[in-house]
Ligand SMILES: [Zn+2]
């Protein structure tokens, strides 16, 4: 293979500060509202007598309004600010998280990428779904909003794509270029649940928001393709997404049946529970077998307890009588029945519209309202949980991925094309 340059950026692992917001009280003219955090240690918000809001940071005084505005720190990091109305009507100033970006590669490429950050704006690694979910961007469409909160969310998504992909725009691609964007996942978590809404108007607005998010990704990709004319483009995801109807707390069901006990932190206590749903949230259900540190059940007792707990969980149904649990599997994905339980551990396969949580709060019901609208925690076979992949080659041959493939198969497909490319250009 011919030599190529390498340019890579790493920012998602180096978050300096989280997103945040501050409410501006009526009549607060002239006063300074502290708005400091580790990313902006001396920041205050000031409202001038004419009503104009300013962010004051160091020597700078930056006017704020209803658009995302980039603000850099002296250390060369930056974040995004804007004003809007909270769902409760209060005027708020919102700011994004902040990241330390790091580029590696050949000096000229790194310098060019670094310099272009000033043009594209501070790296935004997160679409701020948590702020949207809690009403900071205004009333969501599912709660009777007009769509303005979704506009703010989509504006942030555009910044995510621009600041993640922009610095690579003028970089030499080499044999392989990999671009990552969290936007489809972020927007999906917030809106996918509304695609099943009872109200057809809400459904159609939700489709519109999701379509606009995918168009942002398409436009970003089209830009990269136009500039670089790659031979092959592969679009890949690691999962699909299904709407969530309920959160479900398996440990509450297990506690009510006498299997699990809570600890002081409101979680299942591994030193006091016969069977509990593990905090890792991977679906793991454990019996306290002697093989575990501190475990006390012998082999027969552990097997019996696990089988009984599986049966109890299978019996947990929602208000429509639909069970939370689809089935059980061992670590290799083979189906396991409560009639023939393994010795001490089994994986719970939940229904795709149930979001399991491992905590065990006192006096709580096992069923709750969904926290996020869509998720992909476990896979009960719902086709919406599958990822879809596209491979398109320009001027050579086409290939579609209509059949179901494992997401790890993408690596093999990439290698296959790289080998073909190398043979074709005579460099093997
Ligand atoms: Zn996700």
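Residue numbers (this note's numbering): 360 to 787.
Think of the CB as a built atom: it goes at the ideal place given N, C-alpha and C, for glycine as much as any other residue.
Nothing here was measured: the structure is a model prediction, and the numbers come from that model.
Tell me which residue opens and which closes the alpha helix (DSSP H) that residue i is part of.
i           : result
residue 460 : Unbroken run through residue 460: none, as it is neither H nor E.
residue 542 : 542–550
residue 510 : 507–524
residue 659 : 658–673
At a cut-off of 7 Å, would you count residue i as near ligand 1, judging by its Cβ distance to the nearest heavy atom?
i           : result
residue 582 : no
residue 741 : no
residue 712 : no
residue 544 : yes
residue 648 : no
residue 637 : no
residue 548 : yes
residue 691 : no
residue 735 : yes
When we look at the beta-carbon of residue i and count the other beta-carbons within 10 Å, is it buried (16 or more) or exposed?
i           : result
residue 703 : buried
residue 366 : buried
residue 505 : exposed
residue 362 : With a pLDDT of 46 at residue 362, under the threshold of 50, the modelled position of that residue is not reliable, and the figure given next carries that caveat. Exposed, since its Cβ has fewer than 16 Cβ neighbours within 10 Å.
residue 766 : exposed
residue 545 : buried
residue 787 : Interpretation of residue 787 is limited by its pLDDT of 46, a score under 50 that renders its predicted location unreliable; the figure taken from the coordinates is listed afterwards. When all chains shown are included, residue 787 counts as exposed.
residue 369 : exposed
residue 360 : Low confidence applies to residue 360: its pLDDT is 36, below 50, so where it sits in the model is not reliable, and the reading given next is rough at best. Result: exposed.
residue 557 : exposed
residue 609 : buried
residue 579 : buried
residue 597 : exposed
residue 581 : exposed
residue 693 : exposed
residue 691 : exposed
residue 724 : exposed
residue 345 : Missing from the structure shown is residue 345; the chain here goes from 360 to 787 and no further.
residue 559 : exposed
residue 749 : exposed
residue 378 : buried
residue 647 : buried
residue 768 : exposed
residue 730 : exposed
residue 486 : buried
residue 655 : exposed
Any beta carbon from chain B within less than 8 Å of residue i's own beta carbon?
i           : result
residue 452 : The structure shown contains no chain B; it is built from a single protein chain.
Taking the beta strand (DSSP E) that residue i belongs to, which residues open and close that run?
i           : result
residue 427 : That residue, residue 427, is in no beta strand (DSSP E); it is neither H nor E in DSSP.
residue 441 : 437–444
residue 643 : 643–646
residue 391 : 391–393
residue 479 : Note, residue 479: premise wrong, no beta strand (DSSP E); alpha helix (DSSP H) at 466–479.
residue 412 : 412–416
residue 379 : 379–383
residue 679 : Segment: none, residue 679 is in no beta strand (DSSP E) and carries neither H nor E.
residue 367 : 366–369
residue 688 : 684–688
residue 406 : 403–406
residue 374 : 374–376
residue 537 : Note, residue 537: premise wrong, no beta strand (DSSP E); not H, not E.
- Task: Could you name each continuous beta strand (DSSP E) segment of 3 residues or more that falls completely within the segment 698–724, going from the start of the chain to the end?
- Result: 704–709, 713–715
- Would you mind listing the alpha helix (DSSP H) stretches within the segment 576–635 that are 4+ residues and don't spill past its ends, in chain order? 609–615
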